[in-house]
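Here the structure is laid out as structure tokens; the discussion comes afterwards.
Residue numbers (this note's numbering): 11 to 93.
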């Protein structure tokens, strides 16, 4: 499977939900560590990229959530990152 590149502002769903009842997280920062904000209660958490990549299950693409197994980044986005 190709490695996915996550960007600030992406909304993802993790393996387990947050205690507030929400399971959607907005990415606030990327790098070696990932900073996430719960879309339900606005709590922020930090986790390592390795831990994040194990936990992430879906990513928002347009108005729907898509499994990361079936997620295909836009070709134009790939071309920009290669330049």
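Backbone N, C-alpha and C fix where the C-beta goes; we use that ideal spot for every residue, glycine too.
Cross-strand partners of residue i (DSSP beta bridge)
| i | result |
| --- | --- |
| residue 54 | 47 |
| residue 21 | 36 |
| residue 75 | 70 |
Sub-7 Å separation of residue i and residue j beta-carbons
| i | j | result |
| --- | --- | --- |
| residue 48 | residue 35 | yes |
| residue 16 | residue 54 | no |
| residue 68 | residue 23 | yes |
Secondary structure of residue i, DSSP reduced to three states
| i | result |
| --- | --- |
| residue 68 | strand |
| residue 85 | Because residue 85 carries a pLDDT of 47, less than 50, the predicted location of this residue cannot be relied on, and no value is offered for it. |
| residue 15 | coil |
Straight-line gap, residue i to residue j (C-alpha atoms, nearest Å)
| i | j | result |
| --- | --- | --- |
| residue 56 | residue 76 | 23 Å |
| residue 29 | residue 42 | 25 Å |
| residue 27 | residue 58 | 18 Å |
| residue 70 | residue 37 | 11 Å |
| residue 65 | residue 44 | 12 Å |
| residue 18 | residue 31 | 23 Å |
| residue 62 | residue 78 | 13 Å |
Bounding residues of the beta strand (DSSP E) (the contiguous stretch that carries residue i)
| i | result |
| --- | --- |
| residue 26 | Element bounds for residue 26: n/a, residue is neither H nor E. |
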